[in-house]
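Worksheet for the structure shown next.
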Amino acid sequence: MDTNRSFEPFVLTPLDHIIPDCFVSYQLSFQVRDPNKALQAISQGITHLASCIPFITGEVVASTQDPGHKNVFEVQPSATPLVIPLLQVKFRTSHTLRDETPTGTNSSKIHETVSTTSRVNYDPLPIFLPGTQAKPVVRFQANVFNDAIILSMVYNHLVFDGTGAHVILELLAELLRVQSSAERNELSADRTFNQEATLRKFVTGASSDTENICLDHFARAFSMPALGNFGEPLPNSASDPRPVISEDLFVFSPEKVDALKEACNYVLTKLREEPLDTPTCVALPSFVSSNNVVTAMLWISISKARHYGEITSDQQPRWRRGENCSMAVNIRASFSPSLPKTYMGNAVTNIRLTVDSAGFSQILPRFPNLRMQVKRLFGVEIEILLPIADLAYRIRSELNKINDSYVRTLNSFLKSHEDWSSMKITPPDILVTSWRHLTTYQLDFGPHLGHIDRFDGPKSSFDGGCVILPAGHSGSAFAGEKMTSCQAPWAVQISLSQPTMEILKKDDLFYWASKGGES
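The sequence shown begins at 825 in the working numbering and counts up one residue at a time.
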């Protein structure tokens, strides 16, 4: 397949440079009637894709276009022919896709164990490549079974964030649906892919007029690249001192998540009914979202599992004192003017908070009826709810601060450093990334592939990584059930040390929020 395309090299933005130098995998599973026709469609679609987005055939290299900064990277055309083909094909026709499904895939269970060994074999690239090796932008691998295809797309995280990489899948799906070259040309012309280099220049040029740009807030969020397990390969031997990372998929009922959100908003409303002199309640947001609540629940439950049974010197549970938690935030709409939804570069910052359950519990005695009201209306104990409501409101408050001024100040802070490799996202104790907004399960990949049966996210080497998967994952591998994002269960892929994971599986809040839990 001749897929190498020429394009003008472009420099990556400061926001691209704060991302760990690694590759991320999206795996799409399709049940197909004719694997050969499906494979042919994929091959043709990716050829057309390279015509629409030529730089996906390129590679990331050191740049000389910015003499004022060190360790700047750019995307340039790859050597011809490509050292690593844009599409690789692996035939596994002695197996069916059901042979390869994760164990425990049952919608009535709280979690399923992710089969990471086989998943890694489906990818065309590993998570990390040696520094001396060429770093491709995107590569695909079609894994052909006798009843299905798993299409893996691995992308360079220095070039794309999760939302940006999904734009590639959206275009591929559209290309597989159209029938004529005229339709394909029109499709390409309607997009902003040819403006990608221009948009990255806009992002790089976005600056703040504020003189004091080295703010403590940003200094805490970004640091020298001593990344620890945030940017290292997985333990690969018994003598490796690092903990073995276990990866499980937890599935939460949308009804329970909605009930938890409504309960949190109810508590916030009650707290606003009286003037409170505590700083905790000075800037209460008007509401918290389901995503805020799920993130807070993940932070608290993982903190409890990590510090199970530990007590501080003042006889308080250890989990209440200091887990450093982070949530990735899409800032495309925060720029003014907003970046288009088709912008593929990294447009992500993070909010960072510390788990501390003391906030609302200190003022609970002033609301003697709240405990009974919450239990009667929502079936949740107030001791469980208050830490979640506290964290969810703090998450919402931080999100409300992210605007054009924020992102320009952040960009100025990053550009103020001569060495762009010196600033990376500081690894937190727990990191939550949400892809629930991605339309992966709604995409139609044409007559030979159709809709996906299952989406699997990347294998993580980060102890404390949580990915909220695209809406549509039903908790079982082959539900064959299409649903709206509001109806879809919340599927969360979590990576933790094995001992912590075993404790987390027994978490009362996780069990309540799962389909197996009763109110």
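Yeah, the Cβ is synthetic: ideal placement off N, Cα and C, and Gly gets one too. The structure presented is a predicted model; accordingly, all values stated were derived computationally and were not measured.
Span of the alpha helix (DSSP H), counted from its first residue to its last, around residue i
i: Asp-1082; result: 1078-1096
i: Asn-1115; result: 1114-1130
i: Trp-1336; result: 1332-1337
i: Asp-1228; result: 1228-1239
i: Phe-1202; result: 1194-1202
i: Met-1325; result: 1322-1328
i: Arg-1220; result: 1206-1224
Closest Cα partner of residue i within the set the options
i: Leu-1223; options: Arg-1260, Ser-1110, Ile-1327, Leu-1238; result: Ser-1110
i: Lys-959; options: Lys-1248, Ala-886, Ser-1125; result: Ala-886
i: Cys-1290; options: Gly-1270, Val-884, Ala-1315, Phe-1279; result: Ala-1315
i: Asp-971; options: Asp-1253, Ser-918, Ile-1206; result: Ser-918
i: Cys-846; options: Ser-867, Leu-921, Ser-1285, His-1131; result: Ser-1285
i: Leu-1273; options: Val-899, Ile-1254, Val-968; result: Val-968
i: Leu-1163; options: Lys-1080, Leu-836, Leu-1023, Pro-1211; result: Leu-1023
i: Arg-1130; options: Val-848, Leu-1194, Pro-1067; result: Pro-1067
i: Ser-1077; options: Glu-1147, Lys-1248, Gln-1311, Pro-1161; result: Gln-1311
i: His-1367; options: Gly-869, Gly-988, Trp-1123; result: Residue 1367 is absent from the structure shown; the chain starts at 825 and stops at 1343.
i: Lys-1248; options: His-841, Pro-1211, Val-1081; result: His-841
i: Pro-905; options: Gln-864, Gln-868, Ser-830; result: Ser-830
i: Gly-1203; options: Leu-975, Cys-1088, Ser-1004, Leu-1000; result: Cys-1088
i: Arg-1200; options: Ser-875, Cys-1149, Ala-1083, Tyr-1132; result: Ala-1083
i: Asn-860; options: Leu-873, Ser-976, Lys-914, His-893; result: Lys-914
i: Phe-952; options: Ile-870, Ser-849, Val-1027; result: Ser-849
i: Arg-1156; options: Lys-1165, Asn-1148, Val-1075; result: Lys-1165
i: Gln-1317; options: Ser-1258, Ser-976, Glu-1205; result: Ser-1258
i: Arg-1008; options: Leu-995, Pro-1189, Glu-1134; result: Leu-995
i: Val-1002; options: Asp-1268, Glu-1326, Lys-1330; result: Asp-1268
i: Met-1168; options: Leu-975, Pro-1161, Leu-993, Val-907; result: Leu-993
i: Ala-1021; options: Thr-920, Leu-1122, Phe-879; result: Phe-879
i: Gly-1296; options: Pro-1313, Lys-1283, Gly-1288, Pro-1282; result: Pro-1313
Residues of its chain near residue i, where Cβ-Cβ distance is below 6 Å and the 5 sequence neighbours each way are ignored
i: Gly-1052; result: Caution is warranted here: a pLDDT of 40 is assigned to Gly-1052, below 50, making its placement in the model unreliable, and no coordinate value can be reported.
i: Ser-1245; result: Asn-895
i: Val-1091; result: Ala-1213
i: Gln-912; result: Pro-948, Gln-965
i: Ile-1126; result: Ile-1254
i: Thr-1093; result: none
i: Leu-839; result: Asn-1170
i: Gly-1304; result: Here Gly-1304 scores only 44 on pLDDT, less than 50, and its place in the model should not be relied on; the value that follows carries that caveat. None.
i: Pro-1049; result: Low confidence applies here, because Pro-1049 scores a pLDDT of 46, under 50, leaving its location unreliable and the question unanswered by this model.
i: Pro-891; result: none
i: Thr-1264; result: Phe-1279, Pro-1294
i: His-1241; result: Met-1247
i: Ala-1337; result: Phe-1076, Lys-1080
i: Asp-858; result: none
i: Leu-1328; result: Ala-1129
i: Lys-1085; result: Ser-1114, Val-1117
First through last residue of the beta strand (DSSP E) which encompasses residue i
i: Lys-810; result: No information on residue 810 is available, as it lies outside the stretch 825 to 1343 that the chain covers here.
i: Phe-897; result: 897-900
i: Ile-1254; result: 1254-1258
i: Phe-1026; result: Element bounds for Phe-1026: not the beta strand (DSSP E) but the alpha helix (DSSP H), 1020-1029.
i: Cys-876; result: Where Cys-876 is concerned, there is no enclosing beta strand (DSSP E), although the alpha helix (DSSP H) it sits in stretches over 859-876.
i: Arg-1190; result: Element bounds for Arg-1190: n/a, residue is neither H nor E.
i: Leu-839; result: That residue, Leu-839, is in no beta strand (DSSP E); its alpha helix (DSSP H) goes 838-841.
i: Cys-1149; result: 1148-1154
i: Leu-1267; result: First-last for Leu-1267: undefined, no H or E at that position.
i: Arg-963; result: 962-968
i: Asn-1170; result: First-last for Asn-1170: undefined, no H or E at that position.
i: Leu-852; result: 847-855
i: Val-885; result: 883-886
i: Val-1068; result: From DSSP, Val-1068 is part of no beta strand (DSSP E); its letter is neither H nor E.
i: Gly-1288; result: No beta strand (DSSP E) contains Gly-1288, which DSSP labels as neither H nor E.
i: Asp-1280; result: 1278-1280
Contact set for residue i: own chain, Cβ-Cβ below 8 Å, skip 5 residues either direction
i: Ser-1031; result: Arg-1232, Asn-1235, Ser-1236, Lys-1239
i: Arg-1220; result: Pro-1109, Phe-1111, Val-1112, Ser-1113, Asn-1116
i: Gln-889; result: Pro-833, Val-835, Val-896, Glu-898
i: Ser-1061; result: Only weak support exists for where Ser-1061 lies, its pLDDT of 46 falling under 50; the value from the coordinates is given anyway. Counting only Cβ-Cβ distances below 8 Å, and skipping sequence neighbours, we find nothing.
Beta-carbon contacts of residue i that lie in its chain and below 7 Å, excluding the five residues immediately before and after
i: Ser-1158; result: Ile-1226, Asn-1227, Asp-1228, Tyr-1230, Val-1231
i: Met-1151; result: Thr-1119, Asn-1174, Ile-1175, Ile-1219, Val-1256
i: Phe-1054; result: Model confidence at Phe-1054 stands at a pLDDT of 45, short of 50, so the residue's coordinates are unreliable; what they give is reported in the following sentence. The residues are Pro-844, Pro-1251, Phe-1286.
i: Ser-1005; result: none
Chain D contact for residue i (CB, 7 Å cutoff)
i: Asp-1082; result: Annotation note: the requested chain D is absent from the structure, which comprises a single protein chain.
Beta strand (DSSP E) segments (min. 3 residues) lying fully within the stretch 972-1017: If we require 3 residues or more, the beta strand (DSSP E) runs fully inside the stretch 972-1017 come out as 972-980.
Any 3 or more C-beta pairs closer than 8 Å across the stretch 1270-1281 and the stretch 845-863: Here the stretch 1270-1281 lies against the stretch 845-863, with 3 or more beta-carbon pairs under 8 Å apart.
Segment contact, 8 Å Cβ cut-off, at least three pairs: the stretch 973-993 with the stretch 874-884: Flag = yes, the stretch 973-993 and the stretch 874-884 touch.
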